[in-house]
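As you go down the protein sequences, you meet chains A and B in turn.
Quick note, the first sequence lines up with residues 1 to 506 if you use the numbering used here.
Quick note, the second sequence lines up with residues 1 to 248 if you use the numbering used here.
Where a beta carbon is used, it is the ideal one built from N, C-alpha and C, also for glycine.
Everything numeric in this text was worked out from a predicted model, so none of it was measured.
Data first, discussion second: the structure below is written as structure tokens.
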Amino acid sequence: MADFEVPVLNEYPIIPKVKEGVMAHSSPFLAAEKFQTPLGYPGELPDNWKEVAIDKMGELLGKYRSLQVFLDICVHCGACTDKCHYYLGTSDAKNMPGARQELLRKVYRRYFTFAGKYFPKLVGAVDLTKEVLDDWYSYFHQCSQCRRCSVFCPYGIDTAEISMAAREILDTVGQGQKYCNEIIGKVFVIGNNLGLPEPALRDTLEGLEEEVEEDTGVKVRFPLDEKGAEVLLVTPSADFFAEPHVDGLIGYGKVFHEAGISWTVSSKASEASNFGMFIGSYENMRRVALRIREAAAELGVKRIIFGECGHAWRVAYSFLNTLAGPFDFLDPKYPVPQHICEFTNNLIKENKLRLNKEENDHMKLTFHDSCNVARGAGMGNVEGGQFTIPREIIKACCNYFYDMPKDTIHDATFCCGGGGGLLTDDLMELRVKGAQPRMEALKRVTEDYGVTNLAAICAICKSQFAKTLPYYGFTMDQIVSVHQLVSNAIVLKGSEQEAELDGTAE
Amino acid sequence: MTLVTTLYVGLFYATTIILVVGVALRIKKYAQAPAPLKIPTMPAPRTQTGVALRMFREVVFFESLFRANKWTWIFGWLFHFGLLLVLLRHLRYFTEPVWFWVNWIQPFGKYAAFAMVIGLLGLWGRRFLVDRVRYISTPSDHLILALLVGIGLSGLGMTYIAHTDIVALKSFVLGLMYFSPQPLPADLFLLTHLGLVALLMIIFPISKLMHAPGVFFSPTRNQTDSSRERRHVTPWAQPVEAVQSGKQ
Chain A
1 MADFEVPVLN EYPIIPKVKE GVMAHSSPFL AAEKFQTPLG YPGELPDNWK EVAIDKMGEL
61 LGKYRSLQVF LDICVHCGAC TDKCHYYLGT SDAKNMPGAR QELLRKVYRR YFTFAGKYFP
121 KLVGAVDLTK EVLDDWYSYF HQCSQCRRCS VFCPYGIDTA EISMAAREIL DTVGQGQKYC
181 NEIIGKVFVI GNNLGLPEPA LRDTLEGLEE EVEEDTGVKV RFPLDEKGAE VLLVTPSADF
241 FAEPHVDGLI GYGKVFHEAG ISWTVSSKAS EASNFGMFIG SYENMRRVAL RIREAAAELG
301 VKRIIFGECG HAWRVAYSFL NTLAGPFDFL DPKYPVPQHI CEFTNNLIKE NKLRLNKEEN
361 DHMKLTFHDS CNVARGAGMG NVEGGQFTIP REIIKACCNY FYDMPKDTIH DATFCCGGGG
421 GLLTDDLMEL RVKGAQPRME ALKRVTEDYG VTNLAAICAI CKSQFAKTLP YYGFTMDQIV
481 SVHQLVSNAI VLKGSEQEAE LDGTAE
Chain B
1 MTLVTTLYVG LFYATTIILV VGVALRIKKY AQAPAPLKIP TMPAPRTQTG VALRMFREVV
61 FFESLFRANK WTWIFGWLFH FGLLLVLLRH LRYFTEPVWF WVNWIQPFGK YAAFAMVIGL
121 LGLWGRRFLV DRVRYISTPS DHLILALLVG IGLSGLGMTY IAHTDIVALK SFVLGLMYFS
181 PQPLPADLFL LTHLGLVALL MIIFPISKLM HAPGVFFSPT RNQTDSSRER RHVTPWAQPV
241 EAVQSGKQ
């Protein structure tokens, strides 16, 4: 099945011994010139790349306090060294967060600090060479920017910030990553990551309307570009396309229908995710974010709701208001933006949804906290709402729910192994190995409680698990959307299910 | 005045300037670098008071480190709080009359030196024994530990092996403070102790020791979770906004 060794799942987590260079061969495809140019980056390594890279580093140091402080204050205490899923899965020394940061830090020291300029050997400072640059390209594409290390660092040093800066430097010297940069280009030209044009979207949404009507006997609408709708739904394009994502989309549609709230998808902003964050580019991130503002303004909606998408939710919750605000043309009663889970959970609390948990009785569930939701965003305007709200929804829809071990959930959750711009087939070995800690935790609850399914609220997690679960002896359909569970359980007014439950069926 | 006294007087004025100016410049850099996007490690407090509490727990109890690794936490905490007590105890050489609470902690401060050295040796041991920590250690990490252990041991030497003329030392220190230099007792432990402290003061602003003031500037720890309620457009992002708005 694989041309590499799939890690074993142990009874209890084992911290591997450090091995050097075992993942040095892992590098994603370089972006060709045609993918670099639209983003404002050169197509290949310029002759004076060293000056360009060092200048860029200097510029970023002046622009981001995080970078300046994080590069200065690491004491090499080692708290982070066993916290990265890529280290745990690969045992490569440079996948320890501190060691990964050091790749950039040792060059920073050499060019920007007194100690590194005059005593390079003493403080581990090195000149920027092509080998160092290649190391950056390899290992800063072995970081999914999940921020788990920042939870445990006594100074909160966040490797995500450092890897974002490194990727931006790489982009400015023509060493962009194909997967991310091609996708950002597609978002600018077509409107979404998957490159689904408007007619294809319309077709898909009409198909969903037919499917739901067939299943329930109720006409649930899945509108596109409808002016005057109350809600603009911004969701990852995977929701229009693949299992189990699309079942989540059906769930959102049913919830809106039951709530009696008009909504629409926009063909212009038919993508929630923002890959501008992955490459550390404020400019590109802002350009991607602005589409959402424009779509909301053009369609005249009152509120914006995001679908199940992890990194999108970080950008939406933490950055959207700053990047594309102020959203003073929206209804001030609602937070901008809202998460579909906040929306659904409010309705559940207000008793506005009828849910039949038995519809999910064929599953025993656990919940995978997606890294960027858990550590990069919030929900419900309460500290930790991002942990309680999705679980409340699942428990309202299912009879059987069991959490994975404590040190693998909430803010200590493990990344799925495919986040931060690494969900590409040219990094399959890394993705499989990086999934090991999550798979190990899943195995625990499978054995202890008979858990059958893993629910998530992130398109990347869902795609990644669908691909990696089989490597560990699970099946790809064990990953489900949270709103898929809602979709299963919800009893629509006037539906066949309602008639059956109430005994009024013919 | 002897040569030794002259040397140490000069040394301490110079190192004090290096420490104060060096750290101030570094802090200025941290304070002035913009934080364009809100990046607290979530879940984060939603109020400033909450942030102050989070920072307090981080700085006083090393909360994150406690979650990360109990060995590093216990050695790190022993060292830092040993050091704190020892430093407070040393205030008796800088004050006349000695503040009452400094007298009060004097007995604890004496033993805290042991905690400090034990903590340091524990942390140093990890740099050899734990392969992950060994991998990320640089020569300067070892040297800084050696320096701190040297300061601790030479200090302990004066308390428990060969007492220095403490009255003369105090008048030397007060002399420094009031710009009327007094002779320094020239014994080995004291000269070593003071020499190493001076070295520590010199390297402080140019080394990882900056983590002490730096932690207060860490955006993942000092920001509130409030980005949906408030915008945070940084000055350098304004031209980006203008250029991109022009394109629309």
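- For ARG303/A, the three-state secondary structure derived from DSSP is strand.
- Using beta-carbon distances, ILE73/A counts as an interface residue toward chain B, with a partner under 7 angstroms.
- Classified as buried, GLY417/A has 16 or more neighbouring CB atoms from the shown chains inside 10 Å of its CB.
- Inter-segment contact for the stretch 160–169 of chain A and the stretch 200–207 of chain A is absent: fewer than three beta-carbon pairs are separated by less than 8 angstroms.
- Going by DSSP, VAL23/B is part of the alpha helix (DSSP H) stretching over 3–32.
- When the five nearest sequence neighbours on each side are left out, the beta carbons in the same chain lying within less than 8 angstroms of the beta carbon of ASN453/A are those of MET363, LYS364, LEU365, THR366, GLN478, ILE479, VAL480, in order along the chain.
- No Cβ of chain A is located within less than 7 angstroms of the beta carbon of PRO185/B.
- For the beta strand (DSSP E) assignment, the uninterrupted runs of no fewer than 3 residues enclosed by the stretch 471–500 of chain A are, from N- to C-terminal side, 479–481.
- Counting other Cβ atoms within 10 Å of its Cβ, SER180/B stays below 16 and is therefore classed as exposed.
- When Cβ-Cβ separations below 7 angstroms define contact, ARG54/B makes no contact with chain A.
- Here the alpha carbon of PRO154/A sits roughly 60 angstroms from the alpha carbon of GLY503/A.
- At the C-beta level, VAL126/A and ALA53/A stay beyond 7 angstroms of one another.
- As for any beta strand (DSSP E) of minimum length 3 sitting wholly inside the stretch 119–163 of chain B, there is none.
- For LEU122/A, the neighbours in chain B by C-beta distance under 9 angstroms run, in chain order, THR138, PRO139, SER140, LEU143.
- Contact between ASP82/A and ILE15/A is confirmed by a C-beta separation of about 5 angstroms, below the 8 angstroms threshold.
- Put simply, the CB of GLY214/B is near chain A, with a gap under 7 angstroms to one of its CB atoms.
- Only HIS76, CYS77, GLY78, ALA79, CYS80, THR81, ASP82, LYS83, ALA93, MET96, GLY98, ALA99, GLU102 from the stretch 76–106 of chain A bring a Cβ to less than 8 angstroms from some Cβ of chain B.
- Between the C-alpha atoms of GLY109/B and GLY82/B there is a straight-line separation of about 8 angstroms.
- About 5 angstroms separates the Cβ atoms of ILE305/A and LEU233/A, confirming a contact at the 8 angstroms cut-off.
- For THR216/A, the uninterrupted alpha helix (DSSP H) segment begins and ends at 198–216.
- For the set ARG26/B, VAL4/B, PRO36/B, the Cα lying nearest the Cα of THR234/B is the one of PRO36/B.
- Residue-level contact by beta carbon holds for TYR30/B and chain A, with a gap shorter than 7 angstroms.
- Here the alpha carbons of LYS34/A and SER138/A stand approximately 22 angstroms from one another.
- About 18 angstroms separates the beta carbons of SER218/B and ARG46/B, which is beyond the 8 angstroms limit, so they are not a contact pair.
- In the DSSP assignment, VAL231/A forms a beta bridge with TRP263/A, ARG303/A.
- Between the stretch 383–403 of chain A and the stretch 419–432 of chain A, the count of C-beta pairs closer than 8 angstroms stays below three; the two stretches do not touch.
- Against chain B, the CB of GLN145/A has no partner CB under 7 angstroms away; the residue lies outside that interface.
- Distance from the CA of ALA374/A to the CA of VAL151/A, rounded to the nearest whole angstrom, comes to 11 angstroms.
- Going by beta carbons, ILE389/A and CYS341/A fall inside the 7 angstroms limit.
- A buried status is given to GLN223/B, since no fewer than 16 other beta-carbon atoms sit within 10 Å of its beta-carbon.
- The alpha-carbon separation between VAL288/A and ALA237/B amounts to approximately 15 angstroms.
- Between ARG132/B and LEU430/A, the alpha-carbon positions lie close to 20 angstroms from each other.
- Considering only GLU51/A, ALA79/A, VAL231/A, MET96/A, the residue with the shortest C-alpha distance to GLY434/A is MET96/A.
- The stretch 63–79 of chain A makes contact with the stretch 104–122 of chain A: 3 or more CB pairs, one atom from each, lie closer than 8 angstroms.
- Within chain B, no C-beta atom comes nearer than 7 angstroms to that of GLU342/A; the closest sits roughly 11 angstroms away.
- CA-to-CA, the gap between PHE329/A and ALA297/A works out to about 7 angstroms.
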